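As you go down the protein sequences, you meet chains X and C in turn. Mind the numbering: the first sequence is residues 1 to 183 in UniProt numbering, read in order. Mind the numbering: the second sequence is residues 1 to 221 in UniProt numbering, read in order. Note that beta-carbon positions come from the ideal geometry of N, C-alpha and C, so glycine has one too. These numbers come from a predicted model, not from an experiment. Since the structure comes first, as structure tokens, the remarks are kept for the end.
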Amino acid sequence: MSAQVCEELLVAVGRNRDRDAFAALFAHFAPRLKTYLVRIGAGGEMADEVVQEAMLVVWRRAETFDPSQASASTWIFTIARNKRIDALRRVRRPQIDPEDPALVPDAPKAADEAMADSQRADAVKRVLTTLPEEQASLLRQAYFEDKSHSTIAAESDLPLGTVKSRIRLALDKLRQGLQKESI
Amino acid sequence: MQHHLNDEYLMDYAAGSASQPLSLLVATHLALCPECRAKVAAYEALGGALLDSAAPSAVAPDLLQSVLDRLDEPTAPESRIRRQPQVFDETTRRLIPEPLRSHLGASLDALAWSSIGRGVHQVELDIGGAEGFKTRFYRIRGGCGVPQHTHDGSELTLVLGGSFSDGIGRFGRGDVSIADGDVVHQPIADPGDDCYCLAITDGPLKLTGPVGRFLNIFMRY
Ligand SMILES: [Zn+2]
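Below is the structure:
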């Protein structure tokens, strides 16, 4: 499903409480969320439970989804990430409060941002498939296996500096690929 | 602001693998730093792309139906519960952004400070979910400093008010100092306002100066 379609479905849920749109989002994301949650350490039944909780949050907060801030898949990823931290650590993940008067606000977004977030999301996905397996697997460990840079280093018997530079290589490759796509 | 968080900390935070104390420090820096916020958004976008390209796994066949059945459940007004009555004075609200403010739980003047040397006070914060980490909030009077020390692990310090200097540089509001195990450093608050900072360590401090070595025997840092 393209990022554009996901975005339209999510906006329809937010604006019109559209149940068919929600079911379509569920069909696409629930099985992927399950893969994410199982790999990150939630057992099968618990994974289904967290998928359910995350999709309920998607329904309830869809109104607050802002396509100019993030793509639908990114927005859903952050919900699932927070839900599994709440569920596995039993504590809330520390986050900024966008309403806090002490928060230093963003500078206004540059008008010439090369791509819309949904276009960028598709581009990132395409470029991901071009990464060498060694690099792609590092990124999956970082995001899907709850492994911080230092944990990856300890488990793979590599110096932290090596892990950092390999991840940096992968990110550089992503960046270059994205630049090529946006020309 | 001159001293930002390294990318690996921002990525760990975006991926959700950063420990609770580290997440608290990162998020509090993010409240003061739009630049690092933008980087975290980019790392979250990478998470979104990885999720979107993950191989699907079968969920329980009735899972969609049970979610649909729950869509109309009334929800607890989360945001109202979270917004407690104002327990913080004006200075605290101005100086300490969320999420740190809620974790302190009281105004700066009302915290349970304990003195750990001339002009230096600390409170230890219980963040939860964080074995091996120490999370401390310091108030250092201008001109005073934490005794010279090294660490077994690394120490990250985020400045909220005032500023301090250590042999490496000068750190003001929003700046993060990152000291690895082998760095010997002695942060000294610059003259002027009290310096408030949040510090997390993932190993016990080892005091190294002549006074420090002496203090080390008495203080469980
Ligand atoms: Zn920053």
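Closer than 9 Å to chain C by CB, residue i
i, result
"Pro-132 of chain X", "no"
"Pro-31 of chain X", "yes"
"Gln-179 of chain X", "no"
"Leu-139 of chain X", "yes"
"residue 188 of chain X", "As displayed, chain X neither begins before 1 nor continues past 183, which places residue 188 of chain X out of reach and without an answer."
"Asp-18 of chain X", "no"
"Ala-154 of chain X", "no"
"residue 184 of chain X", "Coverage of chain X is limited to positions 1 through 183, which leaves residue 184 of chain X absent and any answer about it impossible."
"Ala-3 of chain X", "yes"
"Asp-100 of chain X", "yes"
"Arg-15 of chain X", "no"
"Arg-166 of chain X", "no"
"Asp-172 of chain X", "no"
"Ser-182 of chain X", "no"
"Thr-162 of chain X", "no"
"Asp-117 of chain X", "yes"
"Ser-68 of chain X", "no"
"Asp-48 of chain X", "yes"
"Phe-65 of chain X", "no"
"Phe-21 of chain X", "The question names Phe, yet the displayed sequence has Ala at residue 21 of chain X. Not an interface residue."
Whole-angstrom distance between residue j and residue i, CA atom to CA atom
i, j, result
"Gln-119 of chain X", "Ala-3 of chain X", "7 Å"
"Leu-50 of chain C", "Ala-58 of chain C", "18 Å"
"residue 241 of chain C", "Glu-49 of chain X", "Here chain C comprises residues numbered 1 to 221, so residue 241 of chain C is not present and cannot be evaluated."
"Trp-75 of chain X", "Glu-155 of chain C", "32 Å"
"Ile-81 of chain C", "Thr-75 of chain C", "With a pLDDT of 46 at Ile-81 of chain C, under the threshold of 50, the predicted position of this residue should be treated as unreliable, though the coordinate-derived value follows. Looking at the two C-alpha atoms, the distance is approximately 12 Å."
"Ala-12 of chain X", "Thr-129 of chain X", "30 Å"
"Arg-81 of chain X", "Gly-16 of chain C", "6 Å"
"Ala-42 of chain C", "Thr-91 of chain C", "33 Å"
"Lys-125 of chain X", "Ala-55 of chain C", "13 Å"
"His-149 of chain X", "Val-163 of chain X", "7 Å"
"Ile-152 of chain X", "Arg-140 of chain X", "11 Å"
"Val-127 of chain X", "Gln-176 of chain X", "9 Å"
"Gly-172 of chain C", "Gly-162 of chain C", "6 Å"
"His-28 of chain X", "His-4 of chain C", "37 Å"
"Ile-40 of chain X", "Glu-145 of chain X", "4 Å"
"Ala-45 of chain C", "Ala-189 of chain C", "38 Å"
Beta carbon proximity, residue i to chain X, threshold 9 Å
i, result
"Ile-81 of chain C", "Here the model assigns Ile-81 of chain C a pLDDT of 46, short of 50, so the residue's position is not dependable and the matter cannot be decided."
"Arg-136 of chain C", "no"
"Asp-89 of chain C", "no"
"Ser-163 of chain C", "no"
"Cys-195 of chain C", "no"
"Arg-93 of chain C", "yes"
"Gly-48 of chain C", "yes"
"Leu-158 of chain C", "no"
"Glu-8 of chain C", "yes"
"Thr-75 of chain C", "yes"
"Tyr-221 of chain C", "Confidence is the limiting factor: at Tyr-221 of chain C the pLDDT is only 31, short of 50, which leaves the residue's position unreliable, though a coordinate-based value still follows. Chain X, which has no Cβ nearer than 9 Å to the Cβ of Tyr-221 of chain C, makes this no."
"His-103 of chain C", "yes"
Neighbour list for residue i in chain C, Cβ cutoff strictly below 8 Å
i, result
"Met-55 of chain X", "Val-67"
"Ile-76 of chain X", "Gly-48 and Leu-51"
"Leu-10 of chain X", "Near Leu-10 of chain X there are no residues of chain C at all, since even the closest Cβ is about 12 Å away, more than 8 Å."
"Ile-85 of chain X", "Gly-16"
Heavy atom of ligand 3 within 8 Å of residue i beta-carbon
i, result
"Met-11 of chain C", "With respect to small molecules bound, the structure shown includes ligand 1 and not ligand 3."
Chain C contact residues for residue i, given Cβ-Cβ distances below 7 Å
i, result
"Leu-103 of chain X", "Ala-31 and Pro-97"
"Gln-52 of chain X", "Leu-63, Ser-66 and Val-67"
"residue 242 of chain X", "A question about residue 242 of chain X goes unanswered here, because the residues of chain X that appear run from 1 up to 183."
"Leu-25 of chain X", "In chain order: nothing, as chain C lies at least about 11 Å away."
Residue i: contacting residues in chain C (beta-carbon distance under 9 Å)
i, result
"Asp-146 of chain X", "Ala-15, Gly-16 and Ser-17"
"Ile-79 of chain X", "Near Ile-79 of chain X there are no residues of chain C at all, since even the closest Cβ is about 10 Å away, more than 9 Å."
"Gln-95 of chain X", "Ser-23, Ala-27, Leu-30, Glu-98 and Pro-99"
"Ala-121 of chain X", "Ala-45, Gly-48, Ala-49 and Asp-52"
Proximal chain X residues relative to residue i, where beta-carbon distance stays under 8 Å
i, result
"Pro-34 of chain C", "Val-104, Pro-105, Asp-106 and Ala-107"
Interface residues of chain X facing residue i [CB-CB closer than 7 Å]
i, result
"Gly-128 of chain C", "Val-91"
"Arg-70 of chain C", "Leu-56"
Under 9 Å by beta carbon: chain X residues contacting residue i
i, result
"Pro-56 of chain C", "His-28, Ala-30, Pro-31, Arg-32, Lys-34 and Thr-35"
"Asp-109 of chain C", "Per Cβ cutoff of 9 Å: no residues; Asp-109 of chain C is ~17 Å from chain X at best."
Checklist entry - Which full runs of the alpha helix (DSSP H) of 4+ residues lie inside the stretch 6-84 of chain X, going along the chain? => result 19-39 and 44-61
Item to check | beta strand (DSSP E) runs contained entirely in the stretch 105-151 of chain C, provided each spans 3 or more residues | outcome: 120-124, 134-140 and 149-151
Next on the checklist: Restricting to runs no shorter than 4 residues, where is the alpha helix (DSSP H) found entirely within the stretch 133-158 of chain X?
Outcome noted: The DSSP assignment places complete alpha helix (DSSP H) segments of no fewer than 4 residues inside the stretch 133-158 of chain X at 133-144 and 149-156, in order along the chain.
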